[in-house]
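Here is the structure we will look at.
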Amino acid sequence: MSETTVQDQRTVSGVAIRLEGVTKRYPGQQKPAVDAVDLEIAAGETVMFVGPSGCGKTTLLKMLNRLIEPSGGKIFLGDEDVTGQDPDRLRRRIGYVIQAGGLFPHMTVGTNIGIVPGMLGWDKKKIAERTDELLDLVGLDPEVYRDRYPKELSGGQQQRVGVARALAADPPVLLMDEPFGAVDPITRQRLQDELLRIQEELGKTIVFVTHDFDEAVKLGDKIVVFDVGARVVQYDTPEAILAEPAEDYVADFVGAGATLKQLTLTRVADTELHTPITAQVGEDSAAVVARATEAGEQYVVVTDGRGRPVSWPSVAELSRTTSVPGTRDDRLPVVGLRSTLNDALDTMLAASQGGVVVTGRRDSVAGVLVVEQVMAAIQATRGETRG
Amino acid sequence: MTSATDPAVDPAVDAQADVEPGGRRDGFSWRGLLLQPVLVLVALGAFAVWRATADLTDAEARPLAWSALLGSIVDHLELVAVSAVVVLVIGIPLGVLLTRGPFRRATPLVLGIANTGQAAPAIGLFVLLATWLGFGFRSAVVALVLYSVLPVLRNTMVGLQGVDARLVEAGRGMGMSALAVLLRVELPLAVPVMLSGVRTALVLLVGTATLATFIDGGGLGLLITTGINLNLDALLYSGALLVALLALAVDWVGRVVETVARPKGL
Amino acid sequence: MWQYLVDRRELIAFQAYQHVSLVVQCVALATVLAVGLAVLAYRSPRITGLANGISAIGLTIPSFALLGLLLAPFGFGITPAVVAVVFYAALPVLRNAVVGLAGVDQSLVESARGIGMSRWATLRRVELPLAWPVILAGVRVSTQMVMGIAAVAAYVLGPGLGSLIFSGLSRLGGANALNATLVGTIAMVLLALVLDVVLVLVGRLTTSKGIRV
Chain A
116 MSETTVQDQR TVSGVAIRLE GVTKRYPGQQ KPAVDAVDLE IAAGETVMFV
166 GPSGCGKTTL LKMLNRLIEP SGGKIFLGDE DVTGQDPDRL RRRIGYVIQA
216 GGLFPHMTVG TNIGIVPGML GWDKKKIAER TDELLDLVGL DPEVYRDRYP
266 KELSGGQQQR VGVARALAAD PPVLLMDEPF GAVDPITRQR LQDELLRIQE
316 ELGKTIVFVT HDFDEAVKLG DKIVVFDVGA RVVQYDTPEA ILAEPAEDYV
366 ADFVGAGATL KQLTLTRVAD TELHTPITAQ VGEDSAAVVA RATEAGEQYV
416 VVTDGRGRPV SWPSVAELSR TTSVPGTRDD RLPVVGLRST LNDALDTMLA
466 ASQGGVVVTG RRDSVAGVLV VEQVMAAIQA TRGETRG
Chain B
1405 MTSATDPAVD PAVDAQADVE PGGRRDGFSW RGLLLQPVLV LVALGAFAVW
1455 RATADLTDAE ARPLAWSALL GSIVDHLELV AVSAVVVLVI GIPLGVLLTR
1505 GPFRRATPLV LGIANTGQAA PAIGLFVLLA TWLGFGFRSA VVALVLYSVL
1555 PVLRNTMVGL QGVDARLVEA GRGMGMSALA VLLRVELPLA VPVMLSGVRT
1605 ALVLLVGTAT LATFIDGGGL GLLITTGINL NLDALLYSGA LLVALLALAV
1655 DWVGRVVETV ARPKGL
Chain C
159 MWQYLVDRRE LIAFQAYQHV SLVVQCVALA TVLAVGLAVL AYRSPRITGL
209 ANGISAIGLT IPSFALLGLL LAPFGFGITP AVVAVVFYAA LPVLRNAVVG
259 LAGVDQSLVE SARGIGMSRW ATLRRVELPL AWPVILAGVR VSTQMVMGIA
309 AVAAYVLGPG LGSLIFSGLS RLGGANALNA TLVGTIAMVL LALVLDVVLV
359 LVGRLTTSKG IRV
């Protein structure tokens, strides 16, 4: 995958972030928690902060929106020095997402999302429209979820609302502090896909702290590997870090070299997807079966009115019905275009299926990926490693 | 660490019960909320029947005339209301202040002093204040305030401290000012605990205000002491019963308010 | 005040002894009663709710009112004082005992039954020891609370330090009125603190090391 071409296609609504000698000292501690960090983050890029716990990555993140006041150094958003700016005003321009979303339990989903626009003085109608738009963006039906309270949502849904809330006033920068740490692996993978999709649409500058290196490889345009004192050990693309770890420390940390790691580097979009026969809910079954038989297909992907996958029945199953049924298969294996082969394999295993449906923009069907293709990719990388 | 004279439901007890949060609320559900006022009304009805039919001496009948009784109750409630207002005005802002940044260090000290002070018997407090400020309503109010400010103060602090720190950070992180986070996040979330402290204080006040009679502060306690001193049982029991019913009624109103004012979504 | 203390040290010491003795005996009796009731109640959610309700409503009743009501059946003296103090002391212990027993991890109870312990042995060797810290916390609350109730009990001629306060009140403005009140009040605060420390020590000695925090 060529990084630059993807970059060029993207819309960019983020701004660059530049750190100059940013330092945090706590009284009574000999060594600074963050020691004179210089870092430049390009507009519209997702940069992942990884490192052992206590290395100062979270402290550095919180200095970006001044939840922690730096003891020294300068922070620029674009060309603007924000080090001396009123923190509250600054934060309204920076989205902030934490674990479990940090939703206020006594406010409805809609109220939670509308807080920042409200503080910025938007009128009610505009806030309501924006709320619905954002719920739609993160894949939650506004009619259903707008007036619910956070406790009525699942962990993954709360996290989506957390992202929507952070995006409410369309901030150029998004800070995410281990946001997906508290959800189960399958939900986490869905949320990651979702974030990738949203980022593709919006092109924010995202700074994302994680302790999960696979997550960093999957989500990041660039990864910063930190050591104690927030020392930047390596700052590069995931591919480069895996291929050439700067120090033994990095190699140990990322577990580079392991063949299967390469699976996290390959996106579903980079493989050749199979185009399945699709059928809309309610279509005449016989016609669909005829189409599939003509194309020599065993399975048909059923989609709803908006092109989103609903189920994945076999031709034999379909031929027993008169019209294509709309029953939603909750165990349907789905991954996004920006998911990694690792995710795809995980999803297949979890669903005990030999393939996954791949979705693209707005969750519409982009193709299918079968387990043989993943195997082929593993074979290919093993060949490379040997050669 | 709890109250001395009056055994009103104390947050100290609630705090112990917090070992299993919600245990109290489960045990005291809507059924309990309905039972309590019925109990009070039945007892009040029985009292009214007894009062209307009882054969009373002149010395008993005068203070037990309906207008006199009503006057005693109003006096009592006046003591409670004035003290409660002062308690709220002092307790809540002080509790908020003591949970703010620089003052947080003083929290254990203040709570320690307040807890030790609570071990002082209320009757001693009344008498000491009377020697200092003289007999009367004012001394009684001061003693009552000193005595019942702790539950409000403590529950305000406990309630605010109980708010998930990550929610405060989320609020600050999205650009809410410290005041906005306090008003829109921390206080609403602390409301259930704070209200429970207010109810505790009110019940404590109703009970403790009976002692005001010892320093000429008036109220229903006067019926009890007069009854004991002059050996007029009818007065004694009327006073005791009415105070108990009043405390139960105030407690019930407090519970209803707590149930209604509990923020949705919790 | 010092002179006052020295002059009447014997009387004060005697009243302090009476006060503590009343409180300790009543709390001990109340604890036994309350834990007994809790053992009967905690297995049924309905009775547990009832016990909590009684505890909450009972604590609402003003002690001075209850003392007055108790004069009818018991007359003046030590009996109404004891009954009132035991009543109030039992309520926090009851609530905490119910909460503590209900809070014991059910899987532990099952494993105790599973290795062949009888119901009684399970209660005595597993449930009560595990609930003990919570029960003891209730005992501490009770003790602090009834110190003051015992003071008011002096008005119905109960024993203890309350009589110092009431004698101060009756001679207000007189020579030793302030001294008597102050000594009575401060002595009660001090005794309450001492008893609390004692209960904390008892807690350390009687709580299994495995569940101490």
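Chains as they are written, first to last, in my numbering: chain A, 116 to 502; chain B, 1405 to 1670; chain C, 159 to 371.
In this text, a Cβ means the ideal position worked out from N, Cα and C, and glycines have one as well.
Per DSSP, reduced to three states, the secondary structure at A:Ala131 is coil, with no helix or strand assignment.
Around the Cβ of A:Glu244, a 10 Å sphere holds fewer than 16 other Cβ atoms; the residue is exposed. A:Gly210 sits buried, since 16 or more C-beta atoms from the chains shown fall within 10 Å of its C-beta. Exposure of A:Asp256 is indicated by the presence of fewer than 16 other C-beta atoms within 10 angstroms of its C-beta. C-alpha of C:Gln176 to C-alpha of C:Pro317: approximately 6 Å in a straight line.
From the beta-carbon of A:Val231, the residues of chain B found nearer than 8 Å are Met1578 and Gly1579. The Cβ of C:Phe232 sits no closer than 8 Å to any Cβ of chain B.
Around the C-beta of A:Gly169, fewer than 16 other C-beta atoms lie within 10 Å, and the residue is accordingly described as exposed. When the Cα atoms are used, A:Arg421 and A:Gln144 turn out to be separated by approximately 57 Å. DSSP, read as helix, strand or coil, puts B:Phe1539 in coil.
Rounded to whole angstroms, the separation of the alpha carbons of A:Pro265 and B:Arg1570 is 15 Å. For A:Leu255, there is no enclosing alpha helix (DSSP H), as DSSP marks it with neither H nor E.
Taking 9 Å as the upper bound on Cβ-Cβ separation, chain B lies near no residue of the segment 173-186 of chain C. Taking C-beta atoms as the reference points, A:Thr223 and A:Arg263 count as a pair closer than 8 Å.
Contacts between A:Lys239 and chain B, judged by CB atoms closer than 8 Å, are missing: the closest CB pair is about 17 Å apart. DSSP assignment within the segment 403-449 of chain A yields the following whole alpha helix (DSSP H) runs of 4 residues or more, N-terminal first: 430-434. Counting C-beta pairs closer than 8 Å gives three or more between the segment 381-394 of chain A and the segment 412-429 of chain A, which meets the contact rule. By the Cβ neighbour-count rule, B:Trp1656 is buried, with 16 or more other Cβ atoms within 10 Å of its own. Chain-ordered, the chain C residues with CB closer than 8 Å to the CB of B:Gly1625 read Phe222. With a threshold of 16 other beta carbon atoms within 10 Å, C:Phe172 falls short and is exposed. The DSSP-derived three-state label of A:Thr386 is coil.
With respect to the 8 Å criterion, B:Ala1665 and B:Leu1599 are classified as neighbours on the basis of their beta carbons.
Contact of A:Gly422 with chain B is not assigned, every C-beta pair being separated by 8 Å or more. Judged by their CB atoms, B:Val1491 and B:Ala1653 are not nearer to each other than the 8 Å cut-off.
Beta-bridge annotation (DSSP): A:Asp342 is paired with A:Arg346. With fewer than 16 neighbouring CB atoms inside 10 Å of its own CB, B:Ile1517 falls in the exposed class. The alpha-carbon separation between C:Thr280 and C:Val256 amounts to approximately 16 Å.
Taking 8 Å as the cut-off, the beta carbon of C:Ser213 is found no closer than this to the beta carbon of C:Leu191. According to the DSSP assignment, A:Ala394 belongs to the beta strand (DSSP E) that extends over Ile392 to Gln395. In the structure shown, A:Glu362 adopts coil according to DSSP, grouped into three states.
Along the segment 1561-1595 of chain B, the positions whose C-beta sits under 9 Å from a C-beta of chain A are Asp1568, Arg1570, Leu1571, Glu1573, Ala1574, Gly1575, Arg1576, Gly1577, Met1578, Gly1579, Met1580, Ser1581, Ala1582, Ala1584, Arg1588, Val1589, Pro1592, Leu1593 and Val1595, read in chain order.
Contact between the segment 332-347 of chain C and the segment 262-282 of chain C is absent: fewer than 3 CB-CB pairs across the two stretches fall below 8 Å. Within its own chain, the residues whose Cβ lies closer than 7 Å to the Cβ of A:Gly318, once the five positions on either side in sequence are excluded, are Arg125, Thr126, Val127, Ser128, Gly129 and Gly159, listed in chain order.
Here DSSP, grouped into helix, strand and coil, assigns B:Gly1521 to helix.
Excluding five sequence positions before and after B:Leu1498, the CB atoms of its chain that fall closer than 7 Å to its own CB belong to Leu1557, given in chain order. Take the alpha-carbon of C:Leu217 and the one of B:Gly1643: they are about 18 Å apart.
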